[in-house]
Structures are given as structure tokens and as C-alpha cells.
Amino acid sequence: MLPKRSYLLNAAYSWVADNNMTPYLLVNAEYEDVVIPTEFVKDGQIVLNISMSAVRHLIMDKEAVSFEARFSGKPMQVYVPIQAALALYAKENGDGFVFPEEAFTKAPTPTPPEPKKGFQLKIVK
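The numbering of the sequence shown is this note's numbering, which starts it at 3 and goes up by one.
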């Protein structure tokens, strides 16, 4: 089965945003492949404001959360593998979801298809 975390993350984000609150994402900053501003990490975790007014090009899919944001005025591309997302909650009241522990299997990297050989152009008169 596919992990639940990506689905819960999307639902929590929609719920917080629909209530006109600010979605905060709690991230395990020590997880492999996390790309975050390390100067804001505390106790191995970081809290990221992922509201539409704070980030650009927000993508939340089955693999990760990614977006562009500014930290201390410097632009940065942030990447959080879905396994590193620990919770999503509203800044204003702390209400939200802590994601359950679950087993993640590493999907094999798909191999690109072989290019077709023998393609030829013909002159049409």
C-alpha cells in the first residue's frame, strides 16, 4: 500500500488553509536528502511556514514537499522528502495533525525507455 502521510499532509494543509490559518510544517531536519536552511534548525527539527503568502511554487506529492522561499532575505529552494514531514498544524492555535509512524519502501528508480532506433525522415512531394 502507498504510505498515508502524503494524503494526510494534503488534507491537513487544505483544512488549515480553508480555515484562514497559517499552515506550519514540522520537519525532521536530519533526514537524508532534506534541503532546508540549516541555520534555523533546533533539536534536529525545523518549522516551516508553507502558506501561499510565504512560499512560491508549492508542490506536495507522494514523494516530497518542495517550494521556493526567502530566509533572512535570501531565496532558497526547499525540499522535504515525505518521510521527513512530521506534522502539519495551524500557527494561530496549534491545531493540526502529527503524522503516524509508518514504513516507507524505497521505490526503484525507473529506467528510461530505450530510444527508438531506425527513425527516418522522408521527403514528401
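Ideal placement from N, C-alpha and C gives every residue a C-beta, glycine not left out.
- Here M62 really is in contact with L11; their C-beta atoms are around 6 angstroms apart, less than 8 angstroms.
- Counting C-beta pairs closer than 8 angstroms gives three or more between the segment 88-97 and the segment 16-35, which meets the contact rule.
- According to DSSP, residue pairing for E94 in a beta bridge does not occur.
- Distance from the Cα of S53 is smallest, within the candidate group P102, S16 and T107, for S16.
- The beta carbon of T40 sits closer than 8 angstroms to those of A31, all from its chain and outside the five residues before and after it, given in chain order.
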